[in-house]
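Step one of this worksheet: look at the structure below.
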Amino acid sequence: MASKTITARGQMGSGMNIEVECGNHRLVMDQPKHAAGRDLGPTPLDVILSAIAGCFGTIGRIIAHQQKIDLRGMRFELEADYDPDGLLGRNRDVRPGFEEIRVRVDIDAELSASEKLELLREIERRCPVADNLAHGTRLVSELA
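All residue numbers in the sequence shown are consecutive under full-length UniProt numbering, ending with 144.
Here is the structure:
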């Protein structure tokens with residue numbers, strides 16, 4: 001199958017918010033009020049965790065359909081650690097990104113614990129969001 005390209009367009013809104021158009025949708029990201037934002041939407045880091053949950057759920061449904069698994073539902077709990085000194089420029093020796101992302105998944109299906117774990121590993125393997133995070137996809141930035 002040939003490669004596909006997806007696009008998004010974004011711009012700064014008022015204050016700290018960023019408005020992004022992706023497909024037929026509009027996403028507003030902002031910072032909490034205590035960080036000079038107006039809390040109009042999730043932070044970009046929150047969006048990353050949300051994207052993982054969305055991708056795991058979507059890929060879980062695809063795999064369940066392909067393998068004829070009666071997947072009644074999935075629940076996700078995600079957490080990640082980062083040091084704000086990196087993104088605030090206080091310490092150049094500190095990464096601005098997450099140190100670790102932890103995902104806890106509860107799978108509601110008639111599967112044994114080992115089958116659920118096998119399904120989870122296949123979801124993680126096929127999730128493009130997880131793949132981008134785990135394998136350091138090249139980022140190319142340029143001036144317009």
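Think of the CB as a built atom: it goes at the ideal place given N, C-alpha and C, for glycine as much as any other residue.
DSSP places D39 in the coil class of the three-state scheme, outside both helix and strand.
In terms of Cα proximity to E77, the closest of I63, Q67, D85 and A51 is A51.
Of the other Cβ atoms in all chains shown, 16 or more fall within 10 Å of the Cβ of A64; this residue is therefore buried. Burial is judged here by how many other beta carbons sit within 10 angstroms of a residue's own beta carbon; D108 has fewer than 16 and is exposed. I123 carries a helical assignment under DSSP once its states are collapsed to helix, strand and coil. Rounded to the nearest angstrom, the Cβ distance from L45 to Y82 is 7 Å, consistent with a contact under 8 Å. DSSP places V129 within a helical segment (H, G or I) once states are collapsed to three.
Secondary structure remark: continuous beta strand (DSSP E) runs of at least 3 residues inside the segment 12-82, in chain order: 18-22, 25-29 and 71-81. Around the CB of M1, fewer than 16 other CB atoms lie within 10 Å, so the residue is classed as exposed. In this structure, I101 sits away from I59, with a CB-CB distance that is not shorter than 8 Å.
In this model, V47 and V105 are separated by some 18 Å (Cα to Cα).
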